[in-house]
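Enquirer:
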Amino acid sequence: MTTMNTAPDLIERRAPVASSTWNAETRTFEVVFSTGAAVPRFDMRGPYIEVLAIDGFRDAEGAPFLDAHRRDSLDDVLGAVQSARVVGGEARAIVKLSRRNPKAERLAGELEDGSQFGVSVGYTVDEWKETTDAKTGARTKTALRWTVHEISAVPVPADRLASTRNDNSMPTTAATHPENTPGTPDTVPATPETAATERAAVTTENRADINQQIRAMAQPLGLERTWVDQQIDAGRSVEEARRSALDEMIRRGQQGSVQSHRIEIGNDYTDPDFRARTLGEALYARINRAHNPGEAAREYASLSIADMARDCLRLRGVASTGLTPGKLMERALHSTSDFPLILGDATGRTMRESYRVAGSALKMIGRQVNHSDFRERHRLQLSEGPELEKVGESGEIKAGTLAEARETYKLATYAKRVGISRQILVNDDLGAFADIGRRMGQGAAGTEASLLVALLTQNAGAGPKMSDGKALFHADHANLGDGYTPWETAEPGFVSALSAARLAMRRQVGLQGQPSAITPKYLVVPSEGETEGEKALADITAASVADANPFASKLQLVVEPRLVDPLAWYVAADTAEVDGLEWSYLEGEEGPQIDTRSGWEIEGLEVKVRLDFGAGFVDWRGWHRNPGDA
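Quick note: the sequence shown uses the working numbering, first residue 686, plus one each step.
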């Protein structure tokens, strides 16, 4: 079931206000959250009138009292419902305001001054009854049983009579607002007599206010400005305009032209996904003390794993009194969906942080381009644009062409399943719990790094085969050095080898032979070459020009410990200048993804980590290899 936020108000007409029901000592007041008023709505079949049976609500006690249905943070929770009942055909509730919420304090001041505001209810419908008018075809859907999830203070309610209640509130005139009975719409058939009465009442009211109400009803229903003008020009009352709007919706529904409207709702604390994110973040905040949890999670940051299990059981109506810690975990894992999601969220946060820290050094040299599926991808390598030619006196402009090469690679799926034992959960062992997430994150990062290194060094170090049938590093590609290992010979020789690599990249040409003039940016070395690489790129004060380091601060050192050849090293260009290494994830699932379920093969929680990843080289000109074996 989906929590239904009531639609924007069609009519607003309040009774004269007497003394407020606000009690400053107890911080309580009474609201009318439903009168059974008829509210126009849409569904897949078109427009209909929705009516809430007054005596059909349940579970209102304990529901949060919100600011205009917002649920983004605890600041939006103004208080809570203490009790609810049906009185005189109205659903009423006693609300207690929070003492520490600034928004609640402002509302308390308004109530103290005798102000009145609208009230709206968020609910799910458990049982419907639908009827259809034989003459007009108009549908009415009555919610016979409905569950209250929250009550909100709103500026404009859908039920025009739903508002804060006053002790001596005067009834509205019978001609305009007949008294509602439970489950009965508050609209009455339009007759010449009632229309005349309503028009007479209009003359005694503020015409500007009525016009404003008519404009307010048009917007959520998608009624055009011309319709609004017609109602105002005719001097119609709000009730007449309301019936006209209903007739227009029925007409559109019969024509199949009903407009759809988007209704946005805030976070629902009864939603398993939202609770999982909130409590999962709270658990992660206990694991990582440096993490600053959001407002929603901060409330639960002190809960143990057992406390969260008990809270999930309570929300699902499962008794937990008297359960041993082991039985509590077992029941929470197998009888609720929330608890595994909460544990999975906390594990995922720990995993992603570890994954981020342990990322592959080669990824920074490549470009990320995500894919929408697992099919093989063809990446076109275009030549540089042809040089422009002088136009002769005849004005003829010669046609140019672009050459292309096609490189391919595709995604693959990598996964592993691990278990979090029931003992870890019972013991509230955050260290062991976090260690599992960290290791999974490190494993995912290590998988990516190993795949990238394997791609770079396949074919005995020559790299993958390109679309021209030659390896990535090949003499014909002018990106293979003569073989010089700086950490085993004299340092000046390394400068010469770097200079040769830079020159080779500068002299690279495109597919049609145009100069590319590529600038190297990275020096990639194995662990064995880290120290000498730092020396080669060090910025030192030279005594003479001959002693100056030409590569000082010119290249960025990248150390990849997974490079197994201790002698070979590489120079790479920025992918913003020329294509080179390209890596990708499945669209919408960047990095490792986590799924959880209650363990059957193990006593506890099973966690599955999945990674959809692929990589390939789309151009050879952005990389240069020195085999280092000469």
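Just so you know, even glycine gets a beta-carbon here, dropped at the ideal spot from N, CA and C.
(1) Tell me which residue opens and which closes the alpha helix (DSSP H) that ILE779 is part of.
(2) From GLU1267 to ALA789, what distance separates their C-alpha atoms?
(3) Which residues in the same chain as GLY741 place their Cβ atom closer than 7 Å to its Cβ, once the five residues preceding and following it in sequence are excluded?
(4) Could you please give me the residues that DSSP links to GLY786 through a beta bridge?
(5) Taking the continuous beta strand (DSSP E) assigned at GLY1104, which residues delimit it?
(6) Could you check which residue in ARG784, ALA738, ARG791 has the C-alpha nearest to that of VAL810?
(7) At the level of alpha carbons, what is the spacing between LEU1271 and TYR1040?
(8) So which of ASN786, GLY807, ASP1297 has the shortest CA-CA distance to LYS1101?
(9) Only counting the same chain, and skipping five residues up and downstream in sequence, which positions put a Cβ closer than 7 Å to that of VAL682?
(10) May I have the straight-line CA-CA distance separating GLN767 from GLN1053, to the nearest angstrom?
(11) Could you compute how far the alpha carbon of ALA778 sits from the alpha carbon of LEU998?
(12) Let me check one thing: in DSSP terms, what residues is GLN1241 bridge-paired to?
(13) Taking all protein chains shown into account, decide if GLN1108 is buried (16 or more other Cβ within 10 angstroms of its Cβ) or exposed.
(14) Please say whether GLY1146 and ALA1031 have beta carbons closer to each other than 8 Å?
(15) Buried or exposed for LEU1188, going by 16 or more other Cβ atoms inside 10 Å?
(16) For ALA769, which residues does DSSP report across the bridge?
(17) Within 10 angstroms of its Cβ, does PRO1205 collect 16 or more other Cβ (buried), or is it exposed?
(18) Look at VAL839 and SER800 and say whether their C-beta atoms are less than 8 Å apart.
(19) For PHE1298, which three-state DSSP category applies?
(20) So, are the CB atoms of ASN977 and GLY1166 less than 8 Å apart?
(21) My assumption, with CB atoms under 8 Å, is that LEU1242 sits in contact with LEU1222. Please give the rounded CB distance.
(22) Could you check whether ALA1119 and ILE972 sit closer than 8 Å to each other, using their CB atoms as the reference points?
(23) Over the uninterrupted beta strand (DSSP E) stretch that includes GLN1278, give me the two end residues.
(24) Using the C-alpha atoms, what's the distance from TYR1255 back to GLU1219?
(25) Terminal residues of the continuous beta strand (DSSP E) containing GLY807?
(26) By Cβ distance, which residues of its chain are closer than 6 Å to LEU968, with the 5 residues on each side in sequence left out?
(27) Can you name, in chain order, every residue of its own chain whose Cβ lies under 7 Å from the Cβ of ASP932, other than the five neighbours on each side?
(28) Tell me whether ASN1164 is buried or exposed, calling it buried when 16 or more other Cβ atoms sit within 10 Å of its Cβ.
(29) Cβ of VAL717 within 8 Å of Cβ of GLU795?
(30) Does DSSP classify ASP1058 as helix, strand or coil?
(31) Can you round the beta-carbon distance between GLY1094 and GLY1299 to whole angstroms, since I take them to be within the 8 Å contact cut?
(32) Taking all protein chains shown into account, decide if VAL1076 is buried (16 or more other Cβ within 10 angstroms of its Cβ) or exposed.
(33) Would you decide whether GLY1011 is buried or exposed? Buried here means 16 or more other CB atoms lie within 10 Å of its CB.
(34) On the DSSP letters alone, give me the boundaries of the alpha helix (DSSP H) that HIS1019 sits inside.
(35) What is the DSSP secondary structure of GLU1092, reduced to helix, strand or coil?
(36) Are at least three pairs of beta-carbons, each pair with one atom in the segment 812–821 and one in the segment 742–754, less than 8 Å apart?
Expert: Looking at the coordinates:
(1) That residue, ILE779, is in no alpha helix (DSSP H); its beta strand (DSSP E) goes 775–782.
(2) Counting only the Cα atoms, ALA789 lies some 54 Å from GLU1267.
(3) Only ALA828, LEU829, ARG830, TRP831 meet the Cβ criterion.
(4) Rather than Gly, the amino acid found at residue 786 in this sequence is Asn. Residue pairing from DSSP leaves ASN786 without any beta-bridge partner.
(5) Following the DSSP letters along the chain, one finds GLY1104 inside the beta strand (DSSP E) bounded by residues 1097–1106.
(6) Closest option to VAL810, Cα to Cα, is ALA738.
(7) Their Cα atoms are separated by approximately 17 Å.
(8) Of the listed residues, the one whose Cα sits closest to LYS1101 is ASP1297.
(9) Absent from the structure is residue 682, since the part of the chain shown begins at 686 and ends at 1315.
(10) Distance between the alpha carbons of GLN767 and GLN1053: 54 Å.
(11) Distance between the alpha carbons of ALA778 and LEU998: 27 Å.
(12) Here GLN1241 is bridged, per DSSP, to TYR1207.
(13) Result: exposed.
(14) 8 Å or more divides the Cβ of ALA1031 from the Cβ of GLY1146.
(15) Its Cβ having fewer than 16 others within 10 Å, LEU1188 is exposed.
(16) Per DSSP, ALA778.
(17) Flag for PRO1205 reads buried.
(18) Between VAL839 and SER800, the C-beta gap is not smaller than 8 Å, which leaves the two residues out of contact.
(19) Here PHE1298 sits in strand by DSSP.
(20) No, the pair does not count as a contact, with Cβ atoms beyond the cut-off.
(21) The pair is a contact, with the Cβ atoms about 6 Å apart (cut-off 8 Å).
(22) One thing to note: ILE972 has its Cβ within 8 Å of the Cβ of ALA1119.
(23) Its beta strand (DSSP E) spans residues 1278–1283.
(24) Distance between the alpha carbons of GLU1219 and TYR1255 is about 14 Å.
(25) 803–817 is the extent of the beta strand (DSSP E) around GLY807.
(26) For LEU968, same chain residues with a beta-carbon under 6 Å away, outside a window of 5 residues either side, are ALA1031 in chain order.
(27) Excluding the 5 residues flanking it on each side, ASP932 has no same chain C-beta neighbour closer than 7 Å.
(28) ASN1164 comes out buried.
(29) No. Outside cutoff.
(30) For ASP1058, the secondary structure class from DSSP, reduced to helix, strand or coil, is coil.
(31) Note that residue 1094 is Tyr in the sequence shown here, rather than Gly. About 6 Å separates the beta carbons of TYR1094 and GLY1299, which is inside the 8 Å limit, making them a contact pair.
(32) Exposed.
(33) Exposed is the call here.
(34) Its alpha helix (DSSP H) spans residues 1010–1020.
(35) Correct three-state label for GLU1092: strand.
(36) Output reads no: the segment 742–754 does not touch the segment 812–821.
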